[in-house]
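For the sequence shown, the numbering used here begins at 32 and goes up steadily by one. Shown next, in structure tokens, is the structure this report addresses.
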Amino acid sequence: MQVFTCILSAMTTKPTNDTDKVFKALGDPTRRLLLDLLCEKNGQTLSELCEGLDMARQSATQHLGMLEDANLVSTVKRGREKLHFINPVPLHEVYERWVRKFEQQRLSLLHDLKQELEGE
């Protein structure tokens, strides 16, 4: 339940329509790797994330800050630690706006090609 609360609070406190920040955050391979690590195991601490990377905690903190600013990652404090959770909503918005509309066109073209090759 904590993950959903974290995502919902991130959605209500930060606008998710700032796609420039999302694309800028996704433009760096280290930030994409951090997102991959969070996909594998959501709710990791900074120490856990740094174990999978060859970088200083300060650098990881800066990258996570950019991901948070883009609303791709949200955090929940647990005692002295901060747990990092991936927020899939901005990625889904990018998918819906720029990827999905091309899927139908691609599928239609493949269907037409299949029809033509089968002689129908």
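We treat Cβ as the ideally placed atom computed from N, Cα and C, and that holds for glycine.
Phe116 counts as buried, since no fewer than 16 other beta carbons sit within 10 angstroms of its beta carbon. Residue state for Glu112 is assigned as strand, using DSSP reduced to three classes.
Less than 8 Å separates the beta-carbon of Leu68 from that of Gly83. A contact is defined here as three or more CB-CB pairs under 8 Å, and the stretch 107-125 fails this definition with respect to the stretch 86-93. Beta-bridge annotation (DSSP): Val107 is paired with Leu114.
By the Cβ neighbour-count rule, Lys132 is exposed, with fewer than 16 other Cβ atoms within 10 Å of its own. Bounds of any alpha helix (DSSP H) do not take in Arg128, whose DSSP letter is neither H nor E. Under DSSP, Gln75 forms a beta bridge with His115. Asp100 carries a helical assignment under DSSP once its states are collapsed to helix, strand and coil.
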